[in-house]
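Note that the UniProt record's numbering has the sequence shown beginning at 1, numbered continuously upward. Right, one structure below, let's go through it.
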Amino acid sequence: RGKVSCECVEYIILDEADRMLDMGFEPEIRRLLGAPGMPDKNTRHTLMFSATFPDDIQKLAHEFLRDDFLFLTVGRVGGACSDVTQAMIQIDHSEKRDKLMELLSDVPTTKARTLVFVDTKRNADFLATLLSQENLPTTSIHGDRQQREREMALVDFKNGTCPILIATSVAARGLDIPKVEHVINYDLPSEIDEYVHRIGRTGRCGNLGTATS
């Protein structure tokens, strides 16, 4: 009583598998898959999904998969979606905020869902407050926000109350937000895989999108 048996598990599904295995969750995954009663990898079905899958993570993933596993790809592994138009703007650091406001100036009229990525939680809250004061309805999502606050932020973003969402990469992982038209990398990510994940928030399911960095 009070415990969950793993004996009847038929499917193990890992979404964002590259980050699950790369961000310190590997011990927890091993503990789960090695739990008493858990069917072994040749008995259960193990499915892993991700937009990127670096070679070193693929090798690690093999430990949890059958020897005859299938590796299916859509497009080029680690490549950006062809439905996303990418633009790069080179400016001085001191001009970033003004350029961001310029890029967002039409949002109150068009209500185009715009996702802005930053590197820190502090900057997410700062920009959300700054933009809101400039009559650009904005909310934020990051690791320090409570679950209820995150859910409210997503609701406001999806229904257009706040068509601008400032987010950190980790907080936005795995989110499936429909109709995101524009992704802005206010802070550039340090790795190409993270860039692919970020701009992959737009241009989904056959829709066109724009990514600006």
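Note that beta-carbon positions come from the ideal geometry of N, C-alpha and C, so glycine has one too. These numbers were taken from a predicted model, which means no experiment stands behind them.
Determine whether the beta carbon atoms of Ser-213 and Ile-89 lie at a separation below 9 Å. The answer is yes: Cβ separation under 9 Å.
Checklist entry - Whole alpha helix (DSSP H) runs in the UniProt domain "Helicase ATP-binding" (1 to 71) with 4 or more residues, listed along the chain? => result For the UniProt domain "Helicase ATP-binding" (1 to 71), whole alpha helix (DSSP H) runs of length 4 or above, ordered along the chain, are 17 to 22, 26 to 33 and 55 to 61.
Quiz item: Between the region 193 to 200 and the region 48 to 58, do three or more beta carbon pairs fall short of 8 Å?
Solution: With the cut-off at 8 Å, the region 193 to 200 and the region 48 to 58 touch.
Worksheet item: Is DSSP giving Ser-169 helix, strand or coil here?
Response: In the structure shown, Ser-169 adopts helical secondary structure according to DSSP, grouped into three states.
Using only the alpha-carbon positions, how far apart do Asn-135 and Arg-19 sit? If I take the Cα positions, the gap works out to 36 Å.
Exercise for the section: Verify whether the separation of the beta carbon atoms of Phe-157 and Thr-168 is less than 9 Å. Expected result: Against a cut-off of 9 Å, the Cβ pair of Thr-168 and Phe-157 comes out as no contact.
| request: Check Asn-159 in the structure and name its three-state DSSP category. | output: In the three-state DSSP reduction, Asn-159 falls in the coil class, being neither helix nor strand.
Residue from Ile-29, Asn-123 and Gln-133 with nearest C-alpha to Ile-141: The shortest C-alpha to C-alpha distance from Ile-141 to any of Ile-29, Asn-123 and Gln-133 is the one to Asn-123.
Tell me, to the nearest whole angstrom, how far the beta carbon of Gly-209 is from that of Val-84; I am working on the premise that it is less than 8 Å. Contact holds; Cβ gap of about 5 Å.
Notebook entry, point to check: When you compare only the Cα positions, how much space is there between Ser-105 and Asp-15?
Noted result: Going by C-alpha positions, Ser-105 is about 35 Å away from Asp-15.
Open item on the list: Can you find the residues in the same chain that come closer than 6 Å, C-beta to C-beta, to Gln-86, ignoring five residues on each side of it along the sequence?
Closed with: Same-chain partners within the cutoff: Ala-211.
Excluding the five sequence neighbours on either side, which residues of its own chain have a C-beta within less than 6 Å of the C-beta of Pro-163, listed in chain order? Here Pro-163 has Val-107, Lys-111 and Arg-113 as same chain residues with Cβ atoms under 6 Å from its own Cβ, once five neighbours each way along the sequence are excluded.
Taking the alpha-carbon positions, what's the Arg-66 to Leu-154 distance? Straight through space, the alpha carbons of Leu-154 and Arg-66 are spaced by roughly 37 Å.
Report task. Starting from the Cα of Lys-96, find the closest Cα among Glu-149, Arg-145 and Leu-127 and give me that residue. Result -> Of the candidates Glu-149, Arg-145 and Leu-127, the one whose C-alpha sits nearest the C-alpha of Lys-96 is Leu-127.
key: Range of the contiguous beta strand (DSSP E) that encloses Ala-87   = 84 to 87 is the extent of the beta strand (DSSP E) around Ala-87.
Opposite Ala-211 in the DSSP bridges: which residues? Bridge partners of Ala-211: Gln-86 and Val-183.
- Task: State the Cα-Cα distance for the pair Ala-17 and Leu-131, rounded to the nearest angstrom.
- Result: When rounded, the distance between both Cα atoms is 34 Å.
key: Which of helix, strand or coil DSSP assigns to Ile-91   = In this structure, Ile-91 counts as coil in the three-state DSSP scheme.
- Taking DSSP as the reference, what is the three-state secondary structure of Ser-190? Assigned with DSSP and collapsed to three states, Ser-190 falls in coil, not helix or strand.
Exposed or buried, which one is Arg-201 when buried takes at least 16 other CB atoms within 10 Å? The residue is buried, with at least 16 neighbouring Cβ atoms inside 10 Å.
Where Asp-25 and Leu-32 are concerned, what is the direct C-alpha to C-alpha distance, given to the nearest angstrom? The amino acid at residue 25 is misidentified as Asp; the sequence shows Phe. Answer to the nearest angstrom: the Cα atoms are 11 Å apart.
query: By a C-beta neighbour count over all protein chains shown, 10 Å radius and 16 as the cutoff for buried, is Asn-185 buried or exposed?
result: The residue in question, Asn-185, is buried, as its Cβ has 16 or more Cβ neighbours within 10 Å.
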